[in-house]
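Just remember that the working numbering sits 379 ahead of the position in the sequence shown, which is counted from 1.
Ideal placement from N, C-alpha and C gives every residue a C-beta, glycine not left out.
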Amino acid sequence: MNAILDLRNVTRRFAGLVAVNQVSFTLGEGEILGLIGPNGAGKTTLVSLVSGTLAPSEGEIYYQGRPITALPAYRRARLGIGRTFQIMRPFPGLSVLDNVAVGALFGHADGRPGLAQAREQARACLDFVGLGRAAGQRADELGGPGRKRLELAKALAMQPKVLLCDEVMAGLNLVEIEEVISVIRKVRDSGISVLVIEHVIKAIKSLSDRLLVLHHGEKIADGAPAQVLADPQVVQAYLGKRRA
Ligand SMILES: Nc1ncnc2c1ncn2[C@@H]1O[C@H](COP(=O)(O)OP(=O)(O)OP(=O)(O)O)[C@@H](O)[C@H]1O
Ligand SMILES: [Mg+2]
């Protein structure tokens, strides 16, 4: 499998803290890679290093074989690296549709669509994530599950080739989680490679082709989900004392 993303010895320090420590991994084209680890393990930091909202202290990141480590976030987005945010930040006064249209307006590699076209694309993305009926609502009227879907739709509107999902199932009930899982499968089936951060083990196990575990910023496991989840080091670091 060709790697669409390739991280080599990536480290990020914050003052005295090493949030991500010499992490190397690849994301294969068309793959769903799960990323788990205790709170504070460095998962969100890793996503920010890939999307470009944070710069690594050391290491290199390759996308489609090209180094992107020095590129700003907007350039990476236009090349096809999309992400959702764990701390969601919709434009509260805008409609759900226009929140997504913003992504369609600014995310493109090849020219900017007009507003009407951006809204058309936004509507397709909302339908894709099952939020089509809420298109006319204000974004701040959405409940938790709706906001998670909105995050996904916003990221998809930028037509990514890689989608980085940071806890898009947090706070959802089991039925809602199943729905998001099927959306993410659909995303992959549409040709997008996906990295998913998730605490719900059952969900991540059924969704991921491969599973990566971070602990204190270090990669402690990388492999087939069932095998990784049975790894004694993973059980001790994470599963034994994971949050409810
Ligand atoms: N901007 C920052 N400045 C200083 N420290 C930070 C910053 N961002 C993250 N950290 C620290 O880096 C470590 C990793 O944080 P990160 O948010 O990446 O963890 P996480 O695995 O996403 O955790 P969670 O499961 O709670 O979302 C934590 O100790 C955190 O406090
Ligand atoms: Mg996080």
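Review point. By DSSP, does P446 sit in helix, in strand, or in coil?
Key: strand
Check your understanding: Sorted by chain position, which residues of the same chain lie with C-beta nearer than 7 Å to E530's C-beta, five sequence neighbours on each side aside?
Key -> T463, F464, M467 and V547
Review point. Rounded to the nearest angstrom, how far is the Cβ of L593 from that of G602, given a contact under 8 Å?
Key: About 14 Å; that fails the 8 Å criterion.
Exercise for review: May I ask you to report which of helix, strand or coil DSSP gives Y617?
Suggested key: coil
Practice item. Output the residues surrounding ligand 1, defined as those with a CB atom closer than 6 Å to any ligand heavy atom, in chain order. Key: F393, L396, A398, G416, N418, G419, A420, G421, K422, T423, T424 and Q465
Check your understanding: Relative to ligand 2, is the shortest distance from any of its heavy atoms to the C-beta of E546 smaller than 8 Å?
Key -> yes
**Study point:** Endpoints, beta strand (DSSP E) assigned at T390
**Key:** A382 to F393
Check your understanding: Could you give the residue range of the alpha helix (DSSP H) that holds T463?
Key -> That residue, T463, is in no alpha helix (DSSP H); it is neither H nor E in DSSP.
Review point. Between the Cα of Y453 and the Cα atoms of M537, Q612 and I560, which residue gives the shortest distance?
Key: M537
Practice item. For G511, collect the residues of the same chain with a Cβ closer than 8 Å to its Cβ; drop the 5 residues on either side in sequence, then sort them by chain order. Key: R502 and L505
Exercise for review: Would you give the residue range spanned by the alpha helix (DSSP H) that L428 belongs to?
Suggested key: K422 to S430
Review point. Going straight from the alpha carbon of G515 to that of E557, what length do you get?
Key: 25 Å
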